[in-house]
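In UniProt numbering, the protein residues as written are 1 to 248.
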């Protein structure tokens with residue numbers, strides 16, 4: 001459980017943050033040991049524990065434990081490890097096997113010191129930006145580019161890229177195909193998110209993820225379509241598999 005939002009603006013000392021982390025980690029037993037036991041385990045005083053409770057806006061130790069216990073329980077329930085619980089399985093798995101996401105998750109895990117390069121054009125660029133920000137939040141080093149950016153973003157960083165994520169609804173976007181061709185001779189794992197039909201992009205990447213596109217002839221994206229939300233769902237499933245590998 002991340003505590004950043006809980007402690008934001010509270011001006012906690014380093015000792016107080018340590019006590020809070022201890023309480024959260026032992027949320028089911030801290031009432032048994034009491035204020036004195038928590039203080040002893042953290043080599044501090046009982047006044048420090050009580051001061052922490054007051055800084056967080058609680059009237060005392062018991063109320064702090066009760067409210068934090070509810071937050072911990074809510075955090076746990078909001079992060080299901082079973083994708084079925086999110087109701088996304090039909091959208092994501094209709095044209096994909098679970099193993100492909102595990103393989104991509106392993107590639108992301110292996111990409112420690114190198115960049116994740118994300119490339120897309122048009123409406124797909126919106127999805128690419130989401131991927132970029134999400135991966136940054138997970139601590140991954142990322143580069144994001146679109147056709148309007150300099151080709152140097154890719155060319156000048158080839159040796160530092162470990163995995164490439166591409167989004168192309170048609171799988172025929174010329175700029176995306178060109179970028180994939182650039183990295184084909186490099187030790188870079190390439191992943192594509194395209195519609196479910198046969199397309200060139202999905203045949204030249206390592207891991208093609210296919211999403212249902214109900215309006216393949218709607219080049220201007222004027223009609224309702226599940227492709228883009230489906231792509232986000234597939235990406236979130238990938239993140240879920242990545243978190244499992246990280247033991248989160």
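Ideal Cβ placement from N, Cα and C applies to all residues, glycine included.
Out of 167, 172, 143 and 162, the CA that lies nearest to the CA of residue 192 is found in 167. Residue 194 carries a strand assignment under DSSP once its states are collapsed to helix, strand and coil. If you ignore the 5 residues before and after residue 32, its C-beta comes within less than 7 angstroms of no other C-beta in its own chain. Taking residue 189 as the centre and dropping the five residues before and after it, the same chain places the C-beta of 107, 163 and 206 closer than 6 angstroms to its C-beta, in chain order. The criterion of a C-beta distance shorter than 9 angstroms is satisfied by residue 210 and residue 196. Of the candidates 160, 226 and 26, the residue whose Cα lies closest to the Cα of residue 127 is 226.
For the 9 angstroms CB-CB criterion, residue 238 and residue 109 do not form a contact. For the pair of segments examined, the stretch 137-145 was found not to touch the stretch 90-106: the number of CB pairs separated by less than 8 angstroms stays below three. Beta bridge pairing from DSSP links residue 136 with no other residue.
Annotated as distal: residue 22 and residue 35, with beta-carbon spacing of 9 angstroms or more.
For residue 151, the closest C-alpha among the options 182, 231 and 56 is that of 182. Three or more beta-carbon pairs drawn from the stretch 6-21 and the stretch 36-52 are found closer than 8 angstroms, and the two stretches are therefore classed as touching. Relative to the Cα of residue 194, the nearest Cα in the group 229, 65, 61 and 56 belongs to 229. Within the DSSP secondary-structure output, residue 115 pairs in a beta bridge with 161. Residue 11 and residue 176 have their C-alpha atoms roughly 48 angstroms apart.
For the pair residue 37 and residue 46, the Cα-to-Cα distance works out to about 9 angstroms. Taking a C-beta distance under 9 angstroms as the contact criterion, residue 173 and residue 121 qualify as a contact pair.
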